[in-house]
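Q: Handing you a structure now.
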Amino acid sequence: MRIGIVCYPTFGGSGVVATELGMALAHKGHTVHFITYDRPVRLRDHRDKVFYHEVRVSDYPLFDYPPYELVLSSKIVDVAKYEGLDLLHVHYAIPHANAAWMAQQILASQGARLPFITTLHGTDITLVGKDPSFEPVITFSIERSNAVTAVSESLKRDTYAHFPVQREIEVIPNFVCTRDYPRADPELRRRYAAKGEHLLVHISNFRKVKRVGDVVEVFRRVREKLPSKLLLIGDGPERQRIETLCRAGELCGDIVFLGKMTEPEKILASCDLFVLTSESERFGLAALEAMACRVPVVTNDTGGTPEVVEHGKSGALSGLGDVDKMASNALEILSDAEILERYREGAFARARQFDVERILPRYEELYDRVLRSDQ
Ligand code: GMT
Numbered sequence: 227m228r229i230g231i232v233c234y235p236t237f238g239g240s241g242v243v244a245t246e247l248g249m250a251l252a253h254k255g256h257t258v259h260f261i262t263y264d265r266p267v268r269l270r271d272h273r274d275k276v277f278y279h280e281v282r283v284s285d286y287p288l289f290d291y292p293p294y295e296l297v298l299s300s301k302i303v304d305v306a307k308y309e310g311l312d313l314l315h316v317h318y319a320i321p322h323a324n325a326a327w328m329a330q331q332i333l334a335s336q337g338a339r340l341p342f343i344t345t346l347h348g349t350d351i352t353l354v355g356k357d358p359s360f361e362p363v364i365t366f367s368i369e370r371s372n373a374v375t376a377v378s379e380s381l382k383r384d385t386y387a388h389f390p391v392q393r394e395i396e397v398i399p400n401f402v403c404t405r406d407y408p409r410a411d412p413e414l415r416r417r418y419a420a421k422g423e424h425l426l427v428h429i430s431n432f433r434k435v436k437r438v439g440d441v442v443e444v445f446r447r448v449r450e451k452l453p454s455k456l457l458l459i460g461d462g463p464e465r466q467r468i469e470t471l472c473r474a475g476e477l478c479g480d481i482v483f484l485g486k487m488t489e490p491e492k493i494l495a496s497c498d499l500f501v502l503t504s505e506s507e508r509f510g511l512a513a514l515e516a517m518a519c520r521v522p523v524v525t526n527d528t529g530g531t532p533e534v535v536e537h538g539k540s541g542a543l544s545g546l547g548d549v550d551k552m553a554s555n556a557l558e559i560l561s562d563a564e565i566l567e568r569y570r571e572g573a574f575a576r577a578r579q580f581d582v583e584r585i586l587p588r589y590e591e592l593y594d595r596v597l598r599s600d601q
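Heads up: the sequence shown begins at 227 in the numbering used here, then just goes up one per residue.
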């Protein structure tokens with residue numbers, strides 16, 4: 227198949243999933259065309275059967291708000307026509323599903339077909355999408371997509387709860403290629419935990435919804451009982467506030483801010499515990515990636531996270547904002563080497579249930595179904 231993929235090229239989970247999906251599809255022999263405004267961060271150069279088309283928006287001074295969706299729609303039309311796309315898969319509803327629908331209409335007026343699939347990832351429904359100024363366009367584009375998927379049951383439920391949507395939404399969870407994730411690197415461990423401390427880690431885009439302050443509070447409590455360090459990977463609007471919090475709490479010696487990284491897996495795999503404190507994650511890809519590195523996860527029981535992390539096996543769940551419980555869960559996992567090893571194995575076993583080899587065929591089957599019903 228010749229498949230177009232539209233996504234955000236940034237560090238956000240939806241862009242990562244879209245890129246990994248495209249690369250996995252190409253590996254199976256499909257031809258994949260990424261259409262977005264910058265090279266996706268996980269898209270390595272020189273991949274056979276993978277192409278990247280940049281959407282360039284004019285900075286004409288008349289525009290206070292450059293019309294990205296229109297340029298994107300035109301680019302989709304162009305790529306569909308000249309690369310012969312069979313279908314388009316857009317990740318994150320806003321504005322990609324609307325651009326896809328417009329491109330589909332333009333192509334139809336020229337006698338060509340381009341079915342499109344929309345994958346909902348989370349904030350397109352739960353944060354941005356709930357804004358009443360977006361509701362009519364999101365509802366419309368979900369209804370008009372040839373198929374719609376959500377990354378968790380929780381997101382599917384939220385979509386029906388917040389939008390007057392009637393059509394079927396299929397849940398296809400996110401995935402990882404467990405084979406590609408490394409094992410712990412003793413040298414890296416020594417770099418950050420020279421005295422054999424336990425290593426806790428958190429990765430996010432430091433937006434408010436991630437509640438990174440809770441990560442620091444959990445760490446503060448763990449450190450009181452167990453020599454440990456915390457690695458914070460990523461950057462975003464909350465980073466300055468969190469740095470200030472750490473300075474005020476005299477935690478800086480034990481917390482390392484590593485900033486944005488394109489390949490954090492080696493560091494991740496060298497840690498003992500991943501801490502995820504978000505208000506709500508509709509999936510929690512970062513948690514799944516940690517588990518693929520054999521790192522258990524301490525997190526909340528909100529949103530889609532309980533669909534990924536199993537309490538007592540691959541990690542531990544507790545109520546949102548309950549930093550005392552999260553810290554005691556962390557201590558229970560960390561304070562005994564045998565228990566930690568059991569959780570590590572549990573985390574990896576769980577990650578294997580989301581292996582690309584299990585999930586990719588579900589997308590391929592969906593593509594087939596959409597193509598057959600569009601004929
Ligand atoms: O919240 C983020 O970090 C970014 C956001 C995105 O759209 O890229 O992530 C969402 O999609 C990911 C991939 O499906 C999910 O793993 C995240 O849970 C989801 N974020 C939220 O629901 C807050």
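Beta carbons are placed, not taken as given, at the ideal position from N, Cα and C, and that holds for glycine.
All values reported here derive from a predicted model rather than from experimental measurement.
At which residue ranges does the stretch 479 to 535 contain complete alpha helix (DSSP H) runs of 4 or more residues, listed in the order of the chain?
A: 491 to 495 and 511 to 518
Q: Using alpha carbons as the reference points, say which of Pro-463, Val-534 and Ser-454 lies closest to Val-438.
A: Taking the first residue of the sequence shown as position 1, residue 438 is located at position 212. Of the candidates Pro-463, Val-534 and Ser-454, the one whose C-alpha sits nearest the C-alpha of Val-438 is Pro-463.
Q: Closer than 7 Å to a non-hydrogen atom of the ligand GMT - does that hold for the CB of Asn-526?
A: Taking the first residue of the sequence shown as position 1, residue 526 is located at position 300. Asn-526: no, Cβ never under 7 Å from the ligand GMT.
Q: Below 8 Å on the Cβ atoms is my contact criterion, and I expect Ile-343 with Val-596 to pass it. Report the Cβ-Cβ distance as a whole number of Å.
A: Position 117 of the sequence shown, counted from the first residue, corresponds to residue 343. Position 370 of the sequence shown, counted from the first residue, corresponds to residue 596. Contact holds; Cβ gap of about 6 Å.
Q: Suppose the cutoff is 7 Å on Cβ atoms and the five residues either side in sequence are ignored; what does the same chain contact list for Leu-557 look like?
A: Against the sequence shown, residue 557 aligns to sequence position 331. Around Leu-557: Val-448, Lys-451 and Leu-452.
Q: Cβ of Tyr-318 versus every heavy atom of the ligand GMT: is any distance shorter than 7 Å?
A: Here residue 318 is taken as the residue at index 92 of the sequence shown, counted from 1. Because some heavy atom of the ligand GMT lies under 7 Å away, the Cβ of Tyr-318 counts as near it: yes.
Q: Is Arg-508 near the ligand GMT - that is, is its Cβ less than 7 Å away from at least one heavy atom of it?
A: Residue mapping note: residue 508 aligns to position 282 of the sequence shown, counting from 1. Yes; taking the cut-off as 7 Å, the Cβ of Arg-508 has a heavy atom of the ligand GMT nearer than that.
Q: Excluding the 5 residues preceding and the 5 following Ala-306 in the sequence, name in chain order all residues of the same chain whose CB lies nearer than 8 Å to its CB.
A: Along the sequence shown, one-based indexing puts residue 306 at 80. These residues qualify, in order along the chain: Gly-230, Leu-314, Ala-329, Leu-333, Ala-338 and Leu-340.
Q: Going along the chain, which unbroken runs of the beta strand (DSSP E) with 3 or more residues stay wholly within the stretch 404 to 467?
A: 424 to 429 and 454 to 459
Q: Just checking my contact of Leu-514 with Val-435 at CB under 8 Å: how many whole Å lie between their CB atoms?
A: Translated into the one-based positions of the sequence shown, residue 514 becomes position 288. Translated into the one-based positions of the sequence shown, residue 435 becomes position 209. At roughly 18 Å, the Cβ-Cβ gap does not stay under 8 Å, so Leu-514 and Val-435 are not in contact.
Q: Leaving out five residues before and five after Ala-420 in sequence, what residues of the same chain have Cβ atoms less than 8 Å from its Cβ?
A: Sequence index remark: in the sequence shown, residue 420 carries index 194 (1-based). So the list is empty, once near-sequence residues are dropped.
Q: Return helix, strand or coil for Tyr-294, following the three-state DSSP convention.
A: Position 68 of the sequence shown, counted from the first residue, corresponds to residue 294. Three-state result, Tyr-294: helix.
Q: How many angstroms separate the CA atom of Asp-304 from the CA atom of Gly-310?
A: Here residue 304 refers to the residue found at position 78 when the sequence shown is read from its first residue. Here residue 310 refers to the residue found at position 84 when the sequence shown is read from its first residue. In a straight line, the C-alpha of Asp-304 is about 9 Å away from that of Gly-310.
Q: Run the CB neighbour count on Arg-570, radius 10 Å, all protein chains shown included, and call it buried at 16 or more, exposed below.
A: As a first step, residue 570 must be located in the sequence shown, where it is residue number 344. It counts as buried.
Q: Round the Cβ separation of Gly-529 and Ser-380 to the nearest angstrom and send it over; I've been treating them as touching at under 8 Å.
A: Walking along the sequence shown from the start, residue 529 turns up at place 303. Walking along the sequence shown from the start, residue 380 turns up at place 154. That belief holds up - the Cβ atoms of Gly-529 and Ser-380 are roughly 5 Å apart, short of 8 Å.
Q: Where does Lys-254 land, buried or exposed, given buried means 16+ other C-beta within 10 angstroms?
A: Within the sequence shown, the letter at position 28 stands for residue 254. Label assigned to Lys-254: exposed.
Q: Which whole-angstrom value is the C-beta distance of Asp-350 and Tyr-386, which I expect to be below 8 Å?
A: The residue you call residue 350 lines up with position 124 of the sequence shown. The residue you call residue 386 lines up with position 160 of the sequence shown. With a Cβ gap of about 15 Å, Asp-350 and Tyr-386 do not count as contacting.
Q: Indicate, with yes or no, if the ligand GMT has a heavy atom lying under 7 Å from the CB of His-315.
A: Reading the sequence shown from its first residue, position 89 is the one you call residue 315. Not so, every heavy atom of the ligand GMT lies at least 7 Å from the Cβ.
Q: Is the separation between the beta-carbon of Val-242 and that of Leu-511 shorter than 8 Å?
A: Within the sequence shown, the letter at position 16 stands for residue 242. Within the sequence shown, the letter at position 285 stands for residue 511. Yes, the pair counts as a contact, with Cβ atoms nearer than the cut-off.
Q: Determine the burial state of Pro-292: buried for a count of at least 16 other Cβ atoms within 10 Å of its Cβ, exposed for fewer.
A: For the purposes of this step, residue 292 is taken as the residue at position 66 of the sequence shown. Pro-292 is exposed by the Cβ-count criterion.
Q: Going by C-alpha distance, which of Glu-280, Val-482, Ala-518 and Arg-273 is nearest Met-235?
A: Position 9 of the sequence shown, counted from the first residue, corresponds to residue 235. First, the amino acid is wrong: residue 235 is Pro here, not Met. Distance from the Cα of Pro-235 is smallest, within the candidate group Glu-280, Val-482, Ala-518 and Arg-273, for Glu-280.
Q: Check this for me: beta carbons of Ser-540 and Gly-572, under 8 Å apart or not?
A: Position 314 of the sequence shown, counted from the start, is the residue given in the question as residue 540. Position 346 of the sequence shown, counted from the start, is the residue given in the question as residue 572. With respect to Gly-572, Ser-540 sits close: the two C-beta atoms are nearer than 8 Å.
Q: Consult DSSP for Asp-581 and reduce its assignment to one of helix, strand or coil.
A: The residue labelled residue 581 in the question sits at position 355 within the sequence shown. Three-state result, Asp-581: strand.
Q: Are the stretch 479 to 498 and the stretch 403 to 422 touching by the rule of at least three beta carbon pairs closer than 8 Å?
A: Yes: the two stretches touch, three or more of their Cβ pairs being nearer than 8 Å.
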